[in-house]
Structure formats: C-alpha cells, structure tokens
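K.L.:
Quick note on numbering: the sequence shown equals residues 204 to 377 in my numbering. Quick reminder that beta carbons are idealized off the backbone N, C-alpha and C, glycines included. Got a structure here, written out as structure tokens. Questions coming.
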Amino acid sequence: MRGRTVCPTRCRGAKETLGSARVPLSVGWGRMGRMSEESLPEDTRPQSAGAGYDGAPDEPAEALPAYAERVLDVAELIPPGRVMTYGDVAEWLEEGGPRQVGRVMALYGGAVPWWRVVRADGALLPGHELRALGHYRAEGTPLKEASRAAEGHLPRIDMRRARWDGGERAEGHT
C-alpha cells in the first residue's frame with residue numbers, strides 16, 4: 204500500500220429501511236445501490252454484522268480496503284494511450300467483477316488515471332466526458348470520431364486499438 208487514505212467525511216454504515224428489515228447499502232464507505240455482501244470481494248465486506256450499523260458514525264478509516272488498493276494499482280499500470288475495461292481489471296485481479304471495479308473507481312479513483320478504466324463499449328464516462336476526452340487526446344488514445352450524421356456527439360474509444368491486455372509495457376499504442 205502507498206498510504207492512500209479514505210476521505211474522513213465519509214461514514215461507514217449507511218442504512219435503509221425496507222419494511223421492518225434494515226438492509227446495508229453497498230460497502231461501508233459511501234452509498235450507491237443495494238448490493239449483496241456475498242457479491243463483494245472478501246476484504247471489502249463490513250468487518251462484522253454489527254459494526255457500523257448502529258446509527259452512529261464510525262471512526263474514519265485510515266486506509267483503503269485491500270481490494271480497492273489493488274484496483275487502483277492496476278489503474279496506475281495502464282500505459283498512457285491505452286485503456287482497460289472494468290471487467291478487464293476484475294479479470295486481471297481474479298476477484299470481483301466490473302461493478303465492484305466501477306464502485307472502487309467511483310469512490311477512490313480520483314488520485315489515479317481514472318480515464319484509463321472504461322466501459323466495454325468505449326463510451327466516455329457520463330458526467331466526465333470532456334475531462335476524459337482531453338486526457339485521451341493528450342495521450343494519443345485511439346478514438347472513433349462520431350459520424351457527420353451524429354453531429355455534436357462525442358467520440359468513443361476505439362477499443363480494438365486502445366485496449367491494453369496487461370502484457371506489453373510499451374508507452375503508447377500499436
């Protein structure tokens with residue numbers, strides 16, 4: 204680990220009441236959609252059934268979960284001008300899936316080259332299209348420009364040319 208820390212303003216233990224049952228939402232850091240704890244990698248699950256679910260904010264976490272750290276490490280390995288999909292990262296780690304990788308990137312990805320971890324269809328990240336596009340153009344990432352009929356539409360990443368398999372370490376693309 205490189206000493207990344209979790210934002211101290213986030214509290215663990217978000218809750219939602221469905222009828223009379225209390226259902227934990229996602230993992231302890233932040234709030235997204237309801238996910239089964241069984242679908243999460245082991246080290247991102249809450250520490251115990253009662254920890255963080257008593258309504259009181261827990262102490263801020265000092266470090267990222269190990270799974271999140273591994274996802275961010277893979278994102279840092281991707282060379283400029285290349286990309287990996289959320290599923291590629293999960294496959295590389297042999298743990299989790301695209302949604303878990305996407306969640307890690309959404310919560311903690313700001314300190315790494317987040318624009319290099321993308322959707323499988325090559326569409327730019329909604330809400331961050333222009334920032335990502337600037338990075339792609341600066342790095343020479345292969346793009347598929349929108350057709351004239353789709354005037355005003357943003358390009359997509361050319362996944363055939365830009366996708367990195369993790370094998371070669373060359374800067375740029377072929």
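Using three-state DSSP, classify Leu346 as helix, strand or coil.
P.N.:
The sequence position of residue 346 within the sequence shown is 143, counting from 1. If DSSP states are grouped into helix, strand and coil, Leu346 belongs with the strands.
K.L.:
What is the DSSP secondary structure of Asp361, reduced to helix, strand or coil?
P.N.:
Here residue 361 refers to the residue found at position 158 of the sequence shown. Shown here, Asp361 sits in coil according to DSSP, grouped into three states, outside any helix or strand.
K.L.:
Report the CB separation of Gly325 from Ala278 in whole angstroms; it is logged as a contact under 8 Å.
P.N.:
Translated into the one-based positions of the sequence shown, residue 325 becomes position 122. Translated into the one-based positions of the sequence shown, residue 278 becomes position 75. Actually they are not in contact, since the Cβ atoms of Gly325 and Ala278 sit about 17 Å apart, beyond 8 Å.
K.L.:
Is the beta carbon of Ala365 closer than 7 Å to that of Val292?
P.N.:
Numbered from 1 along the sequence shown, position 89 holds the residue referred to as residue 292. Numbered from 1 along the sequence shown, position 162 holds the residue referred to as residue 365. Not in contact: Val292 and Ala365 (Cβ atoms no closer than 7 Å).
K.L.:
Quick check on DSSP: helix, strand or coil for Val321?
P.N.:
Here residue 321 refers to the residue found at position 118 of the sequence shown. Reduced to three states, the DSSP call for Val321 is strand.
K.L.:
In whole angstroms, what separates the C-alpha of Met362 from that of Val320?
P.N.:
For the purposes of this step, residue 362 is identified with residue 159 of the sequence shown, where counting begins at 1. For the purposes of this step, residue 320 is identified with residue 117 of the sequence shown, where counting begins at 1. Spanning the two alpha carbons is a distance of roughly 12 Å.
K.L.:
Tell whether a beta-carbon distance below 7 Å holds between Lys347 and Arg334.
P.N.:
Taking the sequence shown and counting its residues from 1, the one referred to as residue 347 is at position 144. Taking the sequence shown and counting its residues from 1, the one referred to as residue 334 is at position 131. Cβ atoms of Lys347 and Arg334: not closer than 7 Å.
K.L.:
Contact defined as beta carbons within less than 8 Å: I believe Val274 pairs with Leu310. What is the distance between those atoms, to the nearest angstrom?
P.N.:
Taking the first residue of the sequence shown as 1, we reach residue 274 at position 71. Taking the first residue of the sequence shown as 1, we reach residue 310 at position 107. Their Cβ separation, rounded to whole angstroms, is 10 Å, which puts Val274 and Leu310 out of contact at 8 Å.
K.L.:
Please go through the same chain and pick out, in chain order, the residues whose beta-carbon is closer than 8 Å to the beta-carbon of Val315, but skip the five residues on each side of it.
P.N.:
The count along the sequence shown starts at 1 and reaches residue 315 at position 112. Correct list, in chain order: Leu275, Ala278 and Glu279.
K.L.:
What whole-angstrom Cβ distance do Trp317 and Met308 have, given they're in contact under 8 Å?
P.N.:
Residue mapping note: residue 317 aligns to position 114 of the sequence shown, counting from 1. Residue mapping note: residue 308 aligns to position 105 of the sequence shown, counting from 1. Confirmed, about 6 Å.
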